[in-house]
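Heads up, the sequence shown is in the working numbering, so the first residue is 10 and it goes up one at a time.
To keep things clear, I will list the structure first and then write my remarks on it.
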Amino acid sequence: MAAPLVHASMGQMAGHVRTDCGPRALRTRCPGLPRRLLTRRGAVTTTQAPTRQLPSLPRRPVAEPLHEAGDDDGLHPSTSRPAPSSTSSTTLISIPSVPPTHSTSTSAAEAGPGSVQAQAQAQASAQGGPGGWLSSWWAGVAPNDRLVVAATLALTLSNMGKVDMSVAIVPMSAEMGWSASVSGLVQALFYTGYMLACIPGGYLASQTGGRAVLPLALGTWSAATVMAPLAAATVPTLALTRFVVGAGQGVAPSAVVDLVARTVPASGRAQAVTTTFGGLHLGTVVGLLAAPPIVAGLGWQALFYVYGGLGLVWYAWFEGSVMPAIAAQDPELAAGLTGIVGSAAARTAAAAAGEAHEEGSAVVPYRAFLRSGEVQALMVTHFCNNMYYFTLLSWLPTYFVQDLGMDLSQASLMSMVPALSGFVVSNIAGRFADGLLARGMPLPTVRKTVQSISMLGSAAAMAGALGSEDPAWVVGLVVVGLTAHPFTLAGLFCTPNDLSAKYAGALLGISNTCGALGAVFGIAACGFLLDATAAMYGTGSWEISMYGPLIAALLAGIYAYVAHCNNNPIDFDSRDNSRFAWEERLRATLRSAGLPLGSS
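Following this line, the structure appears as C-alpha cells:
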C-alpha cells in the first residue's frame with residue numbers, strides 16, 4: 010500500500026513533471042525511499058519537483074508575526090502559515106472531526122520518507138500485532154489533532170472526577186455516619202473551588218499557555234482524588250481535597266480553549282471545540298456507568314484510586330509521549346504553545362530582520378474586557394446557559410420521581426440519556442457550524458444560528474413539556490431540550506476564540522465564572538421556590554420553581570447573545586484599560602485610611 014501512496018503524493022508535488030528510472034538509479038538519486046519500493050520488477054516511475062528536490066526537503070517558512078484584530082482566522086502566529094495548495098498536500102491520516110490546520114496538515118507521504126512522521130508511521134506499521142493498527146494511525150495524526158485528542162481525554166477525565174463523589178458519597182455517608190448537611194458541604198466545596206479558579210486559570214492560560222496549564226491542573230486534581238480515601242478520616246481534610254479537585258477542573262476549560270486558539274483556524278474551530286468539550290458528556294456517562302460496579306466490587310475507596318490513577322496516567326502519557334513527539338515533528342508549533350501569544354513568533358521575526366525584540370505585554374486587559382459589550386453579552390449568556398443546564402440536571406431525578414411517579418432506577422437512567430446524546434450531538438454541532446462557514450456564511454451569523462438552536466430549541470422543548478399532561482411526552486421533550494443544548498459548544502464556547510485568540514483563555518475564565526454563578530443560583534433558587542410553593546399550596550410547584558425560571562433564563566440568554574455579541578476579532582490591547590470610577594473612589598478611601606496601594 011505504501012508505494013502507490015508515495016507515488017501519488019510525489020506526483021502531486023511535482024506538478025506532474027515525470028522521470029522514469031530503474032531501481033538502481035532511483036536508489037542512487039533518492040536514498041531516503043523505503044527499500045521495498047526499490048525492489049519491484051521493472052522500472053519504477055517517480056516524479057521530481059524542480060523546487061523540492063529529494064531527499065533534501067526545504068525548511069518551512071518562518072512563522073508570521075502576531076495576527077492583529079481583523080485577521081480572518083485568529084490563529085496563533087506560530088501556526089499561521091500560508092495555506093497549502095490543493096496540489097501540494099496529501100493527508101493520508103487525519104481525525105475526521107477536526108480538519109488539519111495550515112501548519113500541521115502535511116502528511117507522511119508529502120513530508121517525504123525521511124521525515125519524523127513518516128519514520129514513526131513506518132516503524133509502527135512494521136511492529137504489527139495487537140495494537141499495531143492503533144500505533145500506525147496515531148503516528149499519522151497531525152500534531153494539532155493529537156492535541157485535540159489529548160484535550161478531549163482530559164475533559165473526559167475531568168467529568169469522571171466530578172461525578173465520582175456523587176456515587177461514592179452514599180456508602181461513605183453510611184460508613185462515616187455523616188448527616189445530609191455534611192454530605193452536602195463536602196460536595197459543595199468542589200463547586201466553590203471550581204468557581205474561584207476560573208479567572209486565575211484563564212489568566213495563567215493566556216500568560217503561560219494551555220499546554221503548560223492543562224497537565225498541571227489535571228495532575229493536581231488527579232493526585233487530590235487519589236488522596237481522598239486517606240483524607241476521608243476527617244471531614245475538613247476530605248472537603249479540602251474536593252476543593253482542590255474543583256479548582257483544578259475550573260482551570261481546565263480555559264487551558265483547552267487556549268490550546269484551540271493557538272492551533273486551530275476559524276474554519277475548523279467549532280469542530281475542535283465541540284470535540285474537546287464533548288469529552289465532558291462522555292466523562293459523565295463513563296463515570297456514572299463505571300462507578301457502581303467498582304464500588305460494589307472493590308469498595309468506594311477503589312473508585313478514587315481508579316479515577317485519580319487514570320488522570321496520572323494521562324499526565325505521564327502527555328508529558329512523556331505526546332509533547333516530545335510534537336516537539337520533534339513540528340518544533341515551531343510546540344514552541345508556540347507556551348508563553349504569551351505572539352511572543353515566540355515576534356522573536357523569530359525580529360531575529361530574522363536583525364532587530365531587537367520587544368516582549369509582549371504581560372498585563373491582561375481585564376478592564377477592557379469588562380467595558381466591551383460583546384464580553385458583557387458573553388457573560389450574561391454563559392450565566393443563563395449554565396443556569397438552565399445544571400439546574401435541570403441536578404433536579405431532574407427528583408422531578409421524575411416526585412412529579413412523574415418514576416422509581417429511582419428509572420429516573421437515574423433517564424437522567425443519563427442527555428449526557429450520552431450530548432457527546433454525539435456536540436460533534437454534529439461542530440460539523441454543522443463549520444459547514445456553514447465553508448459555504449460562505451459570515452462567522453457572527455454562524456455562531457448566532459447554532460446558539461439559537463441550543464437555547465431556543467431547549468426553551469421550546471420545555472414549553473412543550475410544561476403544556477403536556479402525558480408523562481411520556483414530558484420526559485421525551487425534556488430530554489430533547491437537553492439534547493439540543495450541546496449546540497452551545499459551537500456558539501458560546503467558540504466566542505472567546507473568535508473575539509481574541511490572544512486572550513481566549515482569560516475571556517473564557519471570566520464567562521465561565523459567570524456560568525458557575527448561574528449554576529449555583531439556579532440550583533439553590535429551584536429548591537427555595539419548591540419549599541415556598543409547598544408552604545403556599547401544600548405541594549411544591551415545578552412549574553413555578555423549575556419550568557418558569559429556566560425558560561426565562563434561556564430567552565434572556567439568547568437575546569443577549571444575538572443582540573449584543575458580535576464575533577468579529579477585537580484588539581483589546583488598544584481598548585481602554587484604565588481604572589473604573591468606582592475603583593478610583595475605593596482607592597481614594599483606602600489611601601485616606603493610610604493603606605499603601607500599588608500602581609495597578
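Using N, Cα and C, we set each Cβ at its ideal position, and we do this for glycine too.
Do you know how far the Cα of residue j is from the Cα of residue i?
{"i": "residue 536", "j": "residue 557", "result": "14 Å"}
{"i": "residue 401", "j": "residue 337", "result": "46 Å"}
{"i": "residue 287", "j": "residue 154", "result": "15 Å"}
{"i": "residue 386", "j": "residue 529", "result": "20 Å"}
{"i": "residue 514", "j": "residue 415", "result": "42 Å"}
{"i": "residue 257", "j": "residue 546", "result": "43 Å"}
{"i": "residue 263", "j": "residue 544", "result": "43 Å"}
{"i": "residue 289", "j": "residue 158", "result": "13 Å"}
{"i": "residue 573", "j": "residue 259", "result": "27 Å"}
{"i": "residue 301", "j": "residue 313", "result": "12 Å"}
{"i": "residue 265", "j": "residue 285", "result": "8 Å"}
{"i": "residue 348", "j": "residue 187", "result": "46 Å"}
{"i": "residue 410", "j": "residue 306", "result": "28 Å"}
{"i": "residue 457", "j": "residue 571", "result": "6 Å"}
{"i": "residue 202", "j": "residue 384", "result": "23 Å"}
{"i": "residue 167", "j": "residue 598", "result": "43 Å"}
{"i": "residue 152", "j": "residue 245", "result": "43 Å"}
{"i": "residue 655", "j": "residue 215", "result": "Missing from the structure shown is residue 655; the chain here goes from 10 to 609 and no further."}
{"i": "residue 116", "j": "residue 204", "result": "Low confidence applies here, because residue 116 scores a pLDDT of 40, under 50, leaving its location unreliable; read the following figure in that light. The straight-line gap from Cα to Cα measures roughly 42 Å."}
{"i": "residue 594", "j": "residue 601", "result": "11 Å"}
{"i": "residue 452", "j": "residue 274", "result": "12 Å"}
Within its chain, find whatever has a CB closer than 7 Å to the CB of residue i; leave out the 5 residues flanking it on each side and keep chain order.
{"i": "residue 564", "result": "468"}
{"i": "residue 475", "result": "552, 556"}
{"i": "residue 596", "result": "606"}
Whose C-alpha, out of the options, is nearest the C-alpha of residue i?
{"i": "residue 406", "options": "190, 423, 300, 297", "result": "423"}
{"i": "residue 493", "options": "503, 334, 463", "result": "463"}
{"i": "residue 549", "options": "457, 244, 412, 475", "result": "412"}
{"i": "residue 388", "options": "466, 522, 304, 204", "result": "522"}
{"i": "residue 185", "options": "161, 470, 156, 238", "result": "238"}
{"i": "residue 500", "options": "575, 268, 525", "result": "575"}
{"i": "residue 224", "options": "328, 503, 586", "result": "328"}
{"i": "residue 339", "options": "577, 150, 458", "result": "150"}
{"i": "residue 491", "options": "585, 594, 394", "result": "394"}
{"i": "residue 404", "options": "392, 420, 391", "result": "420"}
{"i": "residue 182", "options": "241, 509, 571", "result": "241"}
{"i": "residue 144", "options": "330, 568, 180", "result": "330"}
{"i": "residue 561", "options": "531, 306, 345, 245", "result": "531"}
{"i": "residue 165", "options": "217, 316, 306, 147", "result": "316"}
{"i": "residue 377", "options": "516, 246, 218, 526", "result": "516"}
{"i": "residue 310", "options": "600, 179, 569, 472", "result": "179"}
{"i": "residue 272", "options": "218, 426, 243, 226", "result": "218"}
{"i": "residue 408", "options": "539, 534, 465, 380", "result": "539"}
{"i": "residue 379", "options": "520, 569, 601, 210", "result": "520"}
{"i": "residue 460", "options": "342, 146, 427, 497", "result": "497"}
Output needed for residue i: all residues of its chain with C-beta closer than 6 Å, excluding positions within five of it in sequence on either side, in chain order.
{"i": "residue 213", "result": "222"}
{"i": "residue 455", "result": "442, 445, 446"}
{"i": "residue 206", "result": "256, 259, 260"}
{"i": "residue 480", "result": "413"}
{"i": "residue 429", "result": "294"}
{"i": "residue 270", "result": "506, 510, 513"}
{"i": "residue 527", "result": "392, 395, 396"}
Kindly list the residues whose CB is nearer than 8 Å to the CB of residue i, restricted to its own chain and excluding five residues on each side of it in sequence; keep chain order.
{"i": "residue 318", "result": "231, 235"}
{"i": "residue 162", "result": "288, 323"}
{"i": "residue 525", "result": "200, 203, 204, 207, 259, 395"}
{"i": "residue 65", "result": "For residue 65, the predicted structure reports a pLDDT of 41, less than 50, and the residue's modelled location is therefore unreliable. A value from the coordinates is still provided. Result list for residue 65: empty, nothing under 8 Å."}
{"i": "residue 471", "result": "486, 487, 490, 556, 559, 560, 563"}
How about the region 483–490 and the region 433–447: do they share at least three Cβ pairs that are nearer than 8 Å?
The region 483–490 makes no contact with the region 433–447: fewer than 3 CB pairs, one atom from each, lie closer than 8 Å.
Okay, do the region 541–556 and the region 432–440 touch, 3+ Cβ pairs below 8 Å being the bar? Fewer than three pairs of CB atoms, one per stretch, sit closer than 8 Å, so the region 541–556 makes no contact with the region 432–440.
Item to check | Three or more C-beta pairs below 8 Å linking the region 179–198 and the region 320–338 | outcome: The region 179–198 is not in contact with the region 320–338.
Query raised in the report: Within the chosen definition, does the region 232–250 reach the region 295–305 through at least 3 CB pairs nearer than 8 Å?
Result: With a cut-off of 8 Å on Cβ pairs, the region 232–250 is not in contact with the region 295–305, counting fewer than three such pairs.
Is the number of C-beta pairs between the region 165–180 and the region 329–344 that are closer than 8 Å three or more?
The region 165–180 is not in contact with the region 329–344.
Point to revise | At least 3 beta-carbon pairs within less than 8 Å: the region 387–398 vs the region 576–595 | key: Counting Cβ pairs under 8 Å, fewer than three are found: no touch.
With a threshold of 8 Å, are at least 3 pairs of Cβ atoms found where one atom belongs to the region 231–240 and the other to the region 277–284?
Touching, no.
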